[in-house]
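Novice: This is the structure I have questions about; it appears just below.
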Amino acid sequence: MASCNFLSQLQQRTFIQMRIVLKVADNSGVKTVMCIQPLKGKKVARLGDTIVVSVKEVMHNAKVKKGEVVKAVVVRAAMDHGRCDGSFVKFDDNAVVLIDKYHVGMVMGQI
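Following the numbering used here, the numbering of the sequence shown begins with 2 at its first residue and continues without gaps.
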């Protein structure tokens, strides 16, 4: 169990700070967003946390317009994410999935 505690401390370093530009991993028509603020009074967001983002780049058929402020869930982080079995997961980029006020994904059509 001691190694699991150590790995959970490493997991706490996988964070998204304010003003970081993130990719959008769903088919909502938004390409990139910028983190404005992590929710629940935190200074940084980790995997699975909800953040407030500003839309920076959109496709022509997007439901959301450039400059809108929406909520998103962090699904990928570029820093190492330690697991209790001793393995590490690391992604190439930081990515989020946009959600609405009912915590439902803002996707177009079926996934």
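Virtual Cβ for every residue (Gly too), placed ideally from N, Cα, C.
Just so it is clear, the structure is predicted and the values come from calculations on it, not from any experiment.
Can you tell which of Val25, Phe89 and Val90 has the C-alpha that lies nearest to the C-alpha of valine 59?
Specialist: If we check each option's Cα against that of valine 59, Val25 comes out closest.
Novice: Looking only at its own chain, which residues have a Cβ that is under 8 Å from the Cβ of aspartate 93, when we skip the five neighbours before and after it?
Specialist: These residues qualify, in order along the chain: Ala79.
Novice: At the level of alpha carbons, what is the spacing between lysine 41 and asparagine 62?
Specialist: Taking the straight line from one Cα to the other gives about 32 Å.
Novice: Quick one: what's got a C-beta closer than 8 Å to glycine 68's C-beta in the same chain, skipping five residues either side?
Specialist: Ser55 and Val56, listed in sequence order.
Novice: Check for me: the beta strand (DSSP E) holding lysine 32 runs from which residue to which?
Specialist: Where lysine 32 is concerned, the enclosing beta strand (DSSP E) stretches over 31-39.
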